[in-house]
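Visitor: Mind having a look at this structure? Questions to follow.
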């Protein structure tokens, strides 16, 4: 699984990185996005909700989220 590290990045950098990562994602493949900004997390969830993907998110430690995206 490819990991997109957005730790320390503020918007729109996580959005740009995620869009780039999604471009080459094949059906059944997954990527993990890691962010430590709540606004980036919310913006990423908004970006991903209208795409043909399965989204799983977890706040692994206080203020750090891992978002796993699998293309359907």
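In the UniProt record's numbering, the protein residues as written are 1 to 72. Idealized CB from N, CA, C, for every residue including glycine. In this text the structure is predicted, and so the values were computed from the model without any measurement.
In the DSSP output, which residue or residues are listed as bridge partners for residue 30?
Guide: Beta-bridge pairing links residue 30 to 70.
Visitor: In chain order, what are the residue ranges of uninterrupted alpha helix (DSSP H) at least 4 long that sit wholly in the UniProt domain "UPF0033" (4-28)?
Guide: Within the UniProt domain "UPF0033" (4-28), the complete alpha helix (DSSP H) runs of at least 4 residues are 13-23.
Visitor: Using a Cβ-Cβ cut-off of 8 Å (strictly less than) and excluding sequence neighbours within five positions of residue 57, which residues of its own chain qualify?
Guide: Around residue 57: 41, 45, 65, 66, 67, 68.
Visitor: Check each candidate in 36, 14, 50, 47 and name the one with the smallest Cα separation from residue 63.
Guide: With distances taken between Cα atoms, residue 63 lies closest to 36.
Visitor: By Cβ distance below 7 Å, which residues in the same chain neighbour residue 11 in space, the five residues on each side in sequence not counted?
Guide: Hits under 7 Å: 39, 40, 43.
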